[in-house]
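Notes follow the structure.
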Amino acid sequence: MNTVIYNIHKSFFRNAFFALLVGLAVPAYAQDEVAADDEQASSVQRAPKIEPEKYELVSVKGTVFEESSKKPLAGIQVKALGNARYTAMTDEKGQFEIKVPKFTTSLFVYSPEFLSQQVAIGKGDDLVIYMLSDKYRPMYEDATNITASRSIKSDATENYTLDTELEDKLLADMRTTQRSAMLGVGGDMFIRGINSLNANSQPLIIVDGVELDMQRDRAVLHSGNFFNMLGNIMPADVEKVTVLKNATALYGARGGNGVILIETKRGHSMATRIDANLSVGVTLMPRLQTVMDASQYRIYATEMLGTVPNLDVNSSAFKFLNDDPNGYYYHTYHNNTDWQDEVYQTALTQNYSINVQGGDNIGMYNLSVGYVDGETTSKGNAYNRMNVRFNTDINILKNLSTKFNLSISRMQNDLKDDGVQEDFDAATPTSPTFLAQIKSPLVAPYQYNQYLGGFSNLLSEADDLFDAVGTEHSLSNPVAILAQAHGDNKNFLENTYFQAMLEPTLKLGNDWRITTAFSYTLNRNSQRYYRPNTGVAGFNIPDVGLVYNQFSTYYAKENNILSNTRVSYSHIFGAHSLSAFVGFRYNYFSYDGDGISTQYTTRQDDKNPQISANTNNIISAFGANDVWKQIQWYGNVDYNYQNRYFLTLSLLGEANSRFGDNSDGLSMFGVQWQVYPSVQAGWVVTNEKWFPKNAGVDYLRLNVGYDISGNDDIASNAVRTVYAMVKYDNQAGLQLKNIGNDKIKSETMKKFNVGLQTNLLHNRVALSFDYYINKTSDLLTLKTFTDPIAGQNNYWTNSGEIQNTGFEVMLSGKPVVAKDWDVEIGATVGHYKNEVKSLPDGDYLSSIYGEDNILTSVGNPVALFYGYETAGVFADDAAARAAAKQDGGHEYLYMLDNTGKEMYFQAGDIHFVDRNDDGKIDESDRTVIGDPNPDIYGNIFASVNWKNFTLSLNFNYSLGNDVFNYQRMILNSGSNFYNQQVAMTDRWHYEGQVTDIPRIAYGDPMGNSRFSDRWIEDGSYLRLKTLKLTYRVPVNFSWLQGLAVWAEAVNLFTLTNYLGNDPEFSIGRGSLYQGIDCGNLAQSRAFTFGVKINL
């Protein structure tokens, strides 16, 4: 085995023990006293003592008022920013006097019921300070945080998963798109554009200092469903979320796509506090496609039969054509079933959580328990989760303390396939939501009993309406799938998550600390998939025959062991403040998954399905066995002068088992190391003595930064040559699956950022702006061999570049600040321009829900839609003739079929644009027809407080993004016997008819439904995501600290021209899957009612 793998992989326990001794730390930015909570205040008080006589002191006077009433405030704490030695408090007149060192430039003013402030001292007149209620969003972030980041305090007790909270409050900072309305599936997140082609493009998730592996590419047995590891975290447990958009060098080869830091709640009060939350909700049925009813479909199907070559259309072969009400099959084939009504439902949800915190001078604790249970609006799907989390902080000795975290969660999803399967024409469709749209309304879900003269409770089998054309047209009964595939041990995904962390800290005097953290994470998931026998169409496999049931199982276990230690130093030298840390981190992941799938050639018992080893069955095994290890040495220095000028320098070196032996980088100790530096600088302009204090600018900070980080998130075996076991002719053998490349390293992300943050007009207006240029080089791409090797056409290599350039803006204001009324409004805007700079083999096409329909090309954004342009439908023969190139010898535009025969476009066909003007429609006429990347995206928010009532709302929006409506392509194809949208009733029928729907024809011989701009739509939307009304009940009991009742409406309305069910969707985590709608369960209106009790 090669040297790098050997050095990193040998003896995990020895390496872990070494890591504990040498030291490793998850990097953390130093906290300043710019937040008003007790924990941050206490951190300020731990600053080293400064003898007053060492510095010349000056007296600063001022008065503090409440902004709404203009009344003076007593008991407000005032401190020298960055130095807790100098403190004062306002008197009953709101006045204070504080003596601070002459070099002090700012004061920190805070109180538990108000938003904290930084106030520049300047010179001259006494200070006049206006405090705003803490009902508003915080205005000031950590003054030492000069990166492009944003933090939110979470109070998301009503949300089921954290993804929703992030989308609501951080949309411009992080473009989040919900995958579907299935509970718990979450959303895909992109920070500052798309940074990779084949590696992961989504951010690193850190929970309390430990990486949360999102398992993005792991096996999921049910189509249209996803793993969402964030679903293991109860939103009510989260105290703070920070999005780091640059300065992520300290996260090495995992930080290139940005980082999300999640901090869970800890004990802050010695008094025992109990918070209980309970809510119940109802979700209405989503917007659905309007498909043909029985009379419309009968006409359509009859017309389609007339286009089948050499077919004798008669009522004996096609029984639905027999309209005799006394006929034996009349009631079987003369129904008007609304299959969507059989598949969708109004769903109920419930959410409970309880949080207890308290402690004493020895230790503080926070204990929480939560439970969620809910249905989805597609029948047969449900979700439940149980959470327990315990966080504690213990003072062992005067200078020795420790944190201990323990969390357990269990999620279970009852699942069925969802949406349009990508390969639905290569197997029998089994998604109830898809079948509900395409199945003929002529048949019924239950069998008709001729003797009783009515429908029985026996489920109908797959229909045989068009068996005379071919059995492949038989469609399954979605009601039968829901009934027979439901139950124990049939269709589910279960996930259990366990994590324990111990983090002791040793203080060495006032300035030095040594912190060591050790954590263990176990993630286990179990899945089962069952396709029943009853009501399901068989599918013919060549050389095998018809297969019926399918039964698949998958079990996986992932272990993560993390060891961190850091040595940190912090000291204030008069006007200078310096903090630094160095550390070493060891990270170990192992993933082991095993699955087996059986397709049965004989019908099985739906009540007790079993894996069978019958030689006539098709049995396949699959799985994964990955081990990944990472070692990091790092250091960080933070310096500021007079809280005016800030400088942060970071450096990290990383060795990684995903790096090849001969990768570019630093060679040391027989291992290849990648080096990631960062430099960030900031300037608080308002702390300058020359800055005018009455200019209406309360705070102004400029920052600039440059850093390098990486992205190694591809298969761990990319550096290795891999063989896989295969079965051929009932014999086992080995097949080459990957050709290794020992020069592989992580992708390299170089990020430049410049920005500003300002607060104006007594802090009633806040504005932030960031401009960035992010370039990804050393793209992990597949390079083509000149001569294929053993069936392998390509191999992994580092080559190619992508660049994202953009900006982010947030503007908020408080137009009304009165005694009983408070109003806050704001908006965020994000924009990025994505461009492929270079590729190893030039431009290429990918086939995703189509054939060669996604273009990746130099000079253009990633994942462009590539297909045919259209110019309507030929209304008559004259129009068809006019489109042809007359001097080419053809009367009409033409194409070649599979045999090379010329096929002519005539009246009723789509007019495809002949871009090269040669009279022939072929691949050379294709062009870019759409771009899934939005022009701008973000949210608009507002809140109104009146006495004890609070009304808050949040819009999210996306403008300028194109969508490939794959679902509409299927439901408007006019090429088979699938039920179609009602729009197809306007299809072309006669000479001279003006319409945008072409004639129908079995098999679509002219390719009218091919991938073209017919299926590309504007996906722009503006959605009222949440509207929430809260009433805080006045209480006057010693045992009851607070009581609030609330009601919330979600997805109340959406403004869009998109014809699909929902303009917000994501069918895959990969960069090339963006903007493709395959009809997964759409989001819909939901109404939730809840109570929050504080004891």
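According to the numbering used here, the sequence shown is numbered sequentially starting from 281.
Beta carbons are placed, not taken as given, at the ideal position from N, Cα and C, and that holds for glycine.
Look at residue 970 here: in three-state DSSP terms it is coil, with no helix or strand label. Relative to residue 1000, the option among 1014, 986, 978 and 1023 whose CA is nearest is 1023. At least 7 Å separates the beta-carbon of residue 1217 from that of residue 1340. Excluding its 5 nearest sequence neighbours in each direction, residue 518 has C-beta neighbours in its own chain below 8 Å: 434, 436, 442, 445, 542, 543, 544 and 545, listed in chain order.
Sequence-distant Cβ neighbours of residue 670 in its own chain, meaning closer than 6 Å and more than five residues away, are 647 and 686.
Measuring C-alpha to C-alpha distances from residue 1311 to each of 1205, 948 and 1227 identifies 1227 as the nearest. Counting only the Cα atoms, residue 939 lies some 43 Å from residue 1250.
Beta-bridge pairing by DSSP links residue 800 to 780 and 841.
Here the C-alpha atom of residue 1298 lies approximately 14 Å from the C-alpha atom of residue 1246. For residue 401, the three-state secondary structure derived from DSSP is coil. Considered as a whole, the segment 439–517 harbours 455–458, 467–470 and 484–487 as its complete beta strand (DSSP E) runs of no fewer than 3 residues, in chain order. Contact check for residue 1078 and residue 1091: beta-carbon distance about 41 Å, past the 8 Å limit, so the pair fails to qualify. Boundaries of the alpha helix (DSSP H) around residue 1249: 1246–1251. Counting along the chain, residue 701 sits inside no beta strand (DSSP E), nor does DSSP assign it H or E at all.
Pairing residue 494 with residue 667 gives a Cβ-Cβ distance that is not under 7 Å. In this structure, the beta-carbon distance from residue 760 to residue 815 falls below 7 Å. Taking every protein chain shown into account, the CB of residue 627 has 16 or more other CB atoms within 10 angstroms, so this residue is buried.
Between residue 1021 and residue 979, the CB-CB gap reaches or exceeds 7 Å.
In its chain, beyond the 5 residues on either side, 1074, 1075, 1077, 1079, 1120 and 1121 have a beta carbon closer than 7 Å to the beta carbon of residue 1063. Comparing alpha-carbon positions, the option among 1083, 836 and 1319 lying closest to residue 1055 turns out to be 1083. The alpha-carbon separation between residue 1356 and residue 1243 amounts to approximately 6 Å. Per DSSP, residue 584 is one residue of the alpha helix (DSSP H) stretching across 574–585. Non-local C-beta neighbours of residue 1237 in its own chain, meaning closer than 6 Å and more than five positions away in sequence, comprise 1302, ordered along the chain. Of the residues assessed, residue 1229 falls on the exposed side of the cut-off, its CB having fewer than 16 other CB atoms within 10 angstroms.
Non-local C-beta neighbours of residue 405 in its own chain, meaning closer than 8 Å and more than five positions away in sequence, comprise 973, ordered along the chain. Under the three-state reduction of DSSP output, residue 1174 falls in the strand class.
About 6 Å separates the Cβ atoms of residue 981 and residue 962, confirming a contact at the 8 Å cut-off. Taking a cut-off of 8 Å for Cβ pairs, the segment 630–638 and the segment 547–554 touch, as three or more such pairs fall below it. Residue 908: member of the beta strand (DSSP E) spanning 898–921, first to last residue. Buried is the label assigned to residue 623, since at least 16 other Cβ atoms lie within 10 Å of its Cβ. Contiguous alpha helix (DSSP H) elements confined to the segment 580–652 occur at 610–613 and 619–623, taking only those with 4 or more residues. Annotation note: the segment 1006–1080 contains the following uninterrupted beta strand (DSSP E) runs of length 3 or greater, listed N- to C-terminal: 1011–1018, 1027–1040, 1045–1057, 1060–1069 and 1072–1078.
Residue burial annotation: residue 1278 is buried, with at least 16 other C-beta atoms found within 10 angstroms of its C-beta. Taken atom to atom, the span from the alpha-carbon of residue 1345 to that of residue 1162 is near 41 Å. The beta carbon of residue 394 sits closer than 7 Å to those of 411, 412, 413 and 414, all from its chain and outside the five residues before and after it, given in chain order. Residues 595 of the same chain have their beta carbon placed closer than 6 Å to that of residue 601, with the five preceding and five following residues left out of the count.
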